[in-house]
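Residue numbers (the working numbering): 173 to 534.
Idealized CB from N, CA, C, for every residue including glycine.
From a predicted model like this one, the values you see are computed outputs, not experimental measurements.
See below:
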């Protein structure tokens, strides 16, 4: 039972998050807990952690099974943020039956679960039109066919109600205990992971069509809430992205850069890397401090000049850029610990959180 946190002494890591790491490490069958530089406290388990065990614990994955981030290239003739923000579709509601975005789906819908499909969800989920600001590793960026100035859609969402239903079915009987039938849980889990990926593709297609572009396949699509069987043990990831040779988009905030990295993490890090900037304030603190410092209109336009589509005033404050750690510090820690190599930095143009009130359906 060991705990390693891949963060520098200057990185802000809450003591509650460290306490949760050690609590998890004390569970039956636990082998190793690796905390990422975006580590922060979660509900019963740390977020930004990868945890190996001989026992499968569903609560270590959480309810948003399959949550992840995908990156889709997009070509637009003109980029006027105000006009593009007004054209974003209502991603709080499922697409209409005749929406052409459905054609982007390939194969059956996992489990036939259509409720919530094509919607973004709340919290830290988002869909963002961003620009590749800087290429940091030209050879790798070329392999992904990305160049400075290119536009991309970044989609961060998961399995919506499906994952929640799977976790609830477990906790109602076993609480925070291990899965009684690991194989059965994994079948349902894998279905939710596929569903989450499908959901990101559907949303990207909806936005592409709404902005006058054609949908394309993602260059990156990596899940950061999941469990896998690796080397005969269970590797749980909660807010940690697979880091063994994958390309990962480490999300900043709606007012800062995000970074595409080539991940090459080894066993000490449980083959994982950070998934984002990581919260440094609770939602309650962000709401209280934000209201004292900012107006709603100030939060709708970010320090980098991008626009935020968000009709929920509370969510605007809760998800303000100041509620998160500095993304450059997180990326620096990944580099210093030899877990990842930065490939490109993106900057937001329009970030969708939830539909504007005036545009919501009756």
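C-beta contact flag for residue i and residue j at 7 Å
{"i": "residue 305", "j": "residue 468", "result": "no"}
{"i": "residue 336", "j": "residue 454", "result": "no"}
{"i": "residue 189", "j": "residue 218", "result": "yes"}
{"i": "residue 445", "j": "residue 312", "result": "no"}
{"i": "residue 263", "j": "residue 291", "result": "yes"}
{"i": "residue 256", "j": "residue 385", "result": "no"}
{"i": "residue 298", "j": "residue 494", "result": "no"}
{"i": "residue 497", "j": "residue 449", "result": "yes"}
{"i": "residue 405", "j": "residue 422", "result": "no"}
{"i": "residue 355", "j": "residue 178", "result": "no"}
{"i": "residue 326", "j": "residue 424", "result": "no"}
{"i": "residue 371", "j": "residue 316", "result": "no"}
{"i": "residue 183", "j": "residue 505", "result": "yes"}
{"i": "residue 507", "j": "residue 209", "result": "no"}
{"i": "residue 246", "j": "residue 435", "result": "no"}
{"i": "residue 320", "j": "residue 338", "result": "no"}
{"i": "residue 429", "j": "residue 517", "result": "yes"}
Reference residue i, options the options, closest by Cα
{"i": "residue 447", "options": "413, 203, 357", "result": "413"}
{"i": "residue 479", "options": "203, 237, 427, 199", "result": "427"}
{"i": "residue 121", "options": "183, 206, 510, 181", "result": "Past the edges of the chain, shown from 173 to 534, lies residue 121, and the structure says nothing about it."}
{"i": "residue 470", "options": "363, 457, 460, 485", "result": "485"}
{"i": "residue 513", "options": "423, 477, 419", "result": "419"}
{"i": "residue 376", "options": "302, 208, 195", "result": "302"}
{"i": "residue 244", "options": "174, 433, 387", "result": "387"}
{"i": "residue 491", "options": "361, 458, 505, 509", "result": "458"}
{"i": "residue 431", "options": "318, 280, 204", "result": "318"}
{"i": "residue 283", "options": "362, 328, 403", "result": "362"}
{"i": "residue 332", "options": "265, 315, 210", "result": "265"}
{"i": "residue 251", "options": "345, 501, 509, 477", "result": "477"}
{"i": "residue 195", "options": "390, 210, 221", "result": "221"}
{"i": "residue 281", "options": "334, 345, 503, 390", "result": "334"}
{"i": "residue 401", "options": "357, 389, 474, 472", "result": "357"}
{"i": "residue 474", "options": "324, 521, 390, 296", "result": "521"}
Cutoff 8 Å; reference residue i; Cβ partners in own chain excluding five residues on either side
{"i": "residue 201", "result": "225, 226, 227, 350"}
{"i": "residue 534", "result": "Bear in mind that the predicted position of residue 534 carries a pLDDT of just 39, short of 50, making it unreliable; the figure below should be weighed with that in mind. Taken in chain order, the list of residues that qualify is empty."}
{"i": "residue 369", "result": "238, 240, 242, 393, 395"}
{"i": "residue 181", "result": "none"}
{"i": "residue 340", "result": "235"}
{"i": "residue 536", "result": "There is no way to answer for residue 536, as the model of the chain reaches only from 173 to 534."}
{"i": "residue 348", "result": "216, 229, 231"}
{"i": "residue 466", "result": "489, 492"}
Where the alpha helix (DSSP H) containing residue i begins and where it ends
{"i": "residue 312", "result": "310–315"}
{"i": "residue 369", "result": "354–382"}
{"i": "residue 538", "result": "Lying before the first or after the last residue shown, residue 538 is absent from the chain, which here runs from 173 to 534."}
{"i": "residue 489", "result": "485–490"}
{"i": "residue 419", "result": "Here residue 419 belongs to no alpha helix (DSSP H); instead the beta strand (DSSP E) covers 416–422."}
{"i": "residue 510", "result": "That residue, residue 510, is in no alpha helix (DSSP H); it is neither H nor E in DSSP."}
{"i": "residue 469", "result": "468–472"}
{"i": "residue 266", "result": "Segment: none, residue 266 is in no alpha helix (DSSP H) and carries neither H nor E."}
{"i": "residue 336", "result": "333–346"}
{"i": "residue 259", "result": "253–259"}
Residues near residue i by beta carbon distance below 6 Å, same chain, minus five either side
{"i": "residue 532", "result": "Residue confidence is low: residue 532 scores 43 on pLDDT, short of 50, so the model does not pin down where it sits. Its coordinate-derived value is still stated next. Counting only Cβ-Cβ distances below 6 Å, and skipping sequence neighbours, we find nothing."}
{"i": "residue 416", "result": "443"}
{"i": "residue 437", "result": "415, 443, 444, 445, 511"}
{"i": "residue 261", "result": "378, 382"}
{"i": "residue 330", "result": "236, 238, 239, 368"}
{"i": "residue 204", "result": "174, 224"}
{"i": "residue 408", "result": "223, 232, 233, 399"}
Own chain partners of residue i with C-beta closer than 7 Å, once the 5 adjacent residues on each side are dropped
{"i": "residue 186", "result": "212, 213"}
{"i": "residue 365", "result": "237, 238, 395, 398"}
{"i": "residue 541", "result": "This structure cannot speak to residue 541, because the chain is shown only from 173 to 534."}
{"i": "residue 276", "result": "373, 374, 377, 387"}
{"i": "residue 451", "result": "212, 495, 496"}
Boundaries (first-last residue) of the beta strand (DSSP E) holding residue i
{"i": "residue 176", "result": "174–177"}
{"i": "residue 410", "result": "405–410"}
{"i": "residue 325", "result": "323–329"}
{"i": "residue 480", "result": "479–482"}
{"i": "residue 303", "result": "298–307"}
{"i": "residue 287", "result": "From DSSP, residue 287 is part of no beta strand (DSSP E); its letter is neither H nor E."}
{"i": "residue 400", "result": "397–402"}
{"i": "residue 388", "result": "Looking at the DSSP string, residue 388 is not in any beta strand (DSSP E), and its letter there is neither H nor E."}
{"i": "residue 240", "result": "240–246"}
{"i": "residue 436", "result": "430–436"}
Secondary structure, alpha helix (DSSP H): runs of 4+ residues fully inside the stretch 189–229: none
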